[in-house]
Amino acid sequence: PEQNMAFHDNYLSIDYDLSKVLFIATANNLNSIPQPLLDRMELINVGGYITEEKIEIAHRHLVPKELLNHGIAKGAFNIPKPTLQRIIENYTRESGVRELNKKIAKIMRRVARRVAAEEPYPRSLKVQELREYLGVEEYSRDRYQGNEYAGVVTGLAWTAVGGEILFVESSLSRGKGAKLTLTGNLGDVMKESAMLAMEYIHSHAEELQIDPELFDNWNTHIHVPEGAIPKDGPSAGITMITSLASVYTQRKIRANLAMTGEITLRGKVLPVGGIREKILAAKRAGISDIILCKENQKAIEEIKADYLRGLTFHYVSDVKEVLEVALLPEKVANAKDLTVAK
473 PEQNMAFHDN YLSIDYDLSK VLFIATANNL NSIPQPLLDR MELINVGGYI
523 TEEKIEIAHR HLVPKELLNH GIAKGAFNIP KPTLQRIIEN YTRESGVREL
573 NKKIAKIMRR VARRVAAEEP YPRSLKVQEL REYLGVEEYS RDRYQGNEYA
623 GVVTGLAWTA VGGEILFVES SLSRGKGAKL TLTGNLGDVM KESAMLAMEY
673 IHSHAEELQI DPELFDNWNT HIHVPEGAIP KDGPSAGITM ITSLASVYTQ
723 RKIRANLAMT GEITLRGKVL PVGGIREKIL AAKRAGISDI ILCKENQKAI
773 EEIKADYLRG LTFHYVSDVK EVLEVALLPE KVANAKDLTV AK
């Protein structure tokens with residue numbers, strides 16, 4: 473308003489006073505907003521719906537609405553909650569419920585056709601019948617993949633469509649020069665986290681019982697799967713440090729464990745965002761133990777107790793505490809011999 477107080481409509485040749493107008497805009501992803509415009513906005517972050525909330529929205533509102541829209545009598549057809557959950561997790565990937573509503577409408581159209589043709593149809597749609605109505609599943613939820621390999625650690629991510637688990641994989645190959653390779657379509661901030669993690673392992677090698685000569689005789693490769701998807705942010709810092717500590721010591725990672733947190737060069741653990749979404753993603757994936765920064769504890773206290781049942785939280789402020797929780801004394805089966813010939 474200080475620079476442009478009015479809008480001139482060339483068609484009507486009228487000026488519109490904008491000096492006291494408040495513009496409200498919404499977006500699913502801030503990356504699509506031009507930076508000069510973003511700098512002039514006051515941001516209010518509103519989290520997307522979690523799976524449990526989507527189920528209730530669909531059960532109470534979307535299904536009854538689509539039954540009415542398609543002329544199907546109330547009580548003649550039903551989509552139970554387990555089926556709604558499968559639709560949400562395997563046929564949609566969004567923060568809202570727009571795509572979910574389309575999938576429900578697609579099911580209703582098929583049911584309405586069968587009703588009109590006097591063909592048999594299920595009164596309550598079972599999970600195993602979804603493929604007949606919606607086709608092959610479009611997405612799959614990641615599940616915890618065990619702790620049989622050194623250097624493979626489960627992290628937690630927050631995306632535009634909600635929380636996800638991600639895996640950080642580290643491996644070693646013989647070579648000179650201590651080369652560090654990063655793959656998985658990582659952004660600049662995530663690459664910096666990897667370099668911080670590597671530097672921490674170098675500077676604390678003695679404490680971790682790692683032979684410093686390993687760094688000169690083995691190349692390190694860090695990979696985050698699903699390379700077609702861009703990834704960025706600092707929250708994988710402790711995951712990367714744990715992955716490197718595991719691969720250089722060949723020690724097992726605690727079973728059913730996930731983590732999220734930023735790191736500093738000194739080894740401090742900093743808080744990150746998207747905690748609610750990350751926690752629920754971990755629970756869906758079969759995780760039972762989660763490592764978080766102590767400063768994120770207040771975010772956990774705001775989550776309903778029902779969503780936290782079965783989860784154990786380990787609050788930390790230093791990388792040493794992370795490794796104490798995450799690394800087991802025993803080595804993985806078929807541990808690699810990293811001995812350096814003297």
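First residue of the sequence shown? That's 473 in the numbering used here, and the numbers climb one at a time after it.
Where is the CB? At the ideal position from N, CA and C, for every residue including glycine.
Where residue i sits in the DSSP three-state scheme
i, result
"A777", "helix"
"R595", "coil"
"N768", "helix"
"M731", "strand"
"Y720", "helix"
"N500", "coil"
"H695", "strand"
"E609", "coil"
"L654", "strand"
"A753", "helix"
"D809", "coil"
"D614", "coil"
"K546", "strand"
"L515", "coil"
"I762", "strand"
"V794", "helix"
"T784", "strand"
"L737", "coil"
Residue nearest to residue i in terms of C-alpha spacing, selected from the options
i, options, result
"K648", "L654, E685, G656, I637", "E685"
"G607", "Y616, N619, K575, I637", "K575"
"A584", "L515, Y605, N573, K598", "Y605"
"N500", "G782, I522, N517", "N517"
"L597", "V788, V794, I496, Q557", "Q557"
"T732", "K766, S643, Q722", "K766"
"P554", "D704, P536, T523, D614", "T523"
"G699", "G543, D489, L638, A717", "L638"
"T714", "Y563, Y621, N482", "Y621"
"K803", "K724, S612, S643, V791", "K724"
"V625", "T811, L800, A589, N806", "L800"
"A777", "E796, K792, I751, I763", "I751"
"Y616", "I529, A588, K770, R756", "R756"
"P697", "L515, S642, L510", "S642"
"I496", "M513, D481, K808, S485", "M513"
"R781", "L795, K770, I759", "I759"
"V599", "N550, K651, L644, L716", "N550"
"E749", "A771, K808, L680", "A771"
Supposed contact pair residue j and residue i - C-beta distance, whole angstroms, cut 8 Å
i, j, result
"S665", "P706", "5 Å"
"G568", "V719", "With 8 Å as the limit, G568 and V719 do not qualify as a contact, their Cβ atoms being about 39 Å apart."
"Y682", "T655", "For clarity, residue 682 is Ile in the given sequence; the question names Tyr instead. In fact, because the Cβ distance is near 23 Å, the residues do not count as touching under 8 Å."
"D704", "L658", "7 Å"
"I763", "V788", "6 Å"
"Y672", "G627", "About 16 Å separates the two Cβ atoms, so there is no contact after all."
"N573", "L602", "16 Å between Cβ atoms; not a contact."
"A717", "L795", "6 Å"
"R646", "N689", "7 Å"
Close Cβ partners of residue i (< 7 Å) along its chain, the five nearest in sequence each way excluded
i, result
"D761", "R726, N728, L729, T784, H786"
"L668", "G709, I735, L737"
"G745", "W630"
"M712", "V640, S665, A666, A669, I694"
"S504", "none"
"H674", "F687"
Residue range of the beta strand (DSSP E) that includes residue i
i, result
"P554", "Note, P554: premise wrong, no beta strand (DSSP E); alpha helix (DSSP H) at 553-563."
"L638", "634-646"
"I682", "Run containing I682: none; DSSP gives neither H nor E here."
"K803", "799-803"
"V843", "Given a span of 473 to 814 for the chain in the structure shown, any question on residue 843 remains unanswerable."
"Y488", "486-489"
"F495", "No beta strand (DSSP E) contains F495, which DSSP labels as neither H nor E."
Enclosing alpha helix (DSSP H) for residue i [first to last residue]
i, result
"N573", "570-588"
"A700", "Taken as a continuous stretch (DSSP letters only), A700 belongs to no alpha helix (DSSP H), as it is neither H nor E."
"P508", "507-511"
"D790", "Neither: D790 is in no alpha helix (DSSP H) and is coded neither H nor E."
"H674", "660-675"
"I529", "523-529"
"L539", "535-541"
Close-in-space but distant-in-sequence residues of the same chain around residue i (CB under 8 Å, 5 per side omitted)
i, result
"T653", "N691, T692, H693, I694"
"V633", "G520, R565, E566, S567"
"I527", "K553, L556, Q557, I560"
"M477", "D489, L490, S491"
Proximal residues to residue i (C-beta, below 6 Å), its chain only, five neighbours per side dropped
i, result
"A753", "G635, E636, I637"
"Y593", "V583, R586"
"H542", "M580, A584"
"N562", "E609, Y611"
"F479", "Y488, L490"
Chain D contact for residue i (CB, 8 Å cutoff)
i, result
"E641", "Judged by its chain identifiers, the structure shown contains no chain D, having just a single protein chain."
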